[in-house]
Amino acid sequence: MGSKRKLHNFSWQSYVNKYTLTLCAFLVWIVFLDKHNLITQHRLKSIIEEMETEKSDFEDMYLQALEDKKLLEADQEKYAREKYFMHKDNEEVFIIKKD
């Protein structure tokens, strides 16, 4: 009867070892060796996040350019005075900067 327990324990341990080794091999494959491994996926995710922030920045710049275009089309003299500090010959310009 003692030998049966040893056999039973040995077979259970061998199954655990097989499954453990298989699981470890699978995890190593997924994390490091696969074409679409986790490291590459993490790197791609960070690149996508950077590109999305760049996209939002460019959209903001585009909206600002459209606003500047509308101002330029509406009143060119006002736009030149505000943007480039231009003035007439008999005028003085005072620049007040806000903090």
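Residue numbering for the sequence shown follows this note's numbering, starting at -10 and increasing by one per position.
We treat Cβ as the ideally placed atom computed from N, Cα and C, and that holds for glycine.
Predicted, not measured: the structure shown is a model, and the values here were computed from it.
Compute the Euclidean distance between the alpha carbons of residue i and residue j, then round it to the nearest angstrom.
i: Glu66; j: Leu52; result: 22 Å
i: Tyr4; j: Leu12; result: 12 Å
i: Gly7; j: Ala14; result: Here the sequence assigns Lys to residue 7, which means Gly is not the residue at that position. The alpha-carbon atoms of Lys7 and Ala14 are separated by roughly 11 Å.
i: Glu39; j: Val17; result: 28 Å
Cβ of residue i within 9 Å of Cβ of residue j?
i: Leu10; j: Ile19; result: no
i: Asp57; j: Lys72; result: yes
i: Tyr68; j: Leu60; result: yes
i: Phe74; j: Ile84; result: yes
Along the chain, where does the alpha helix (DSSP H) containing residue i start, and where does it finish?
i: Phe47; result: 27 to 63
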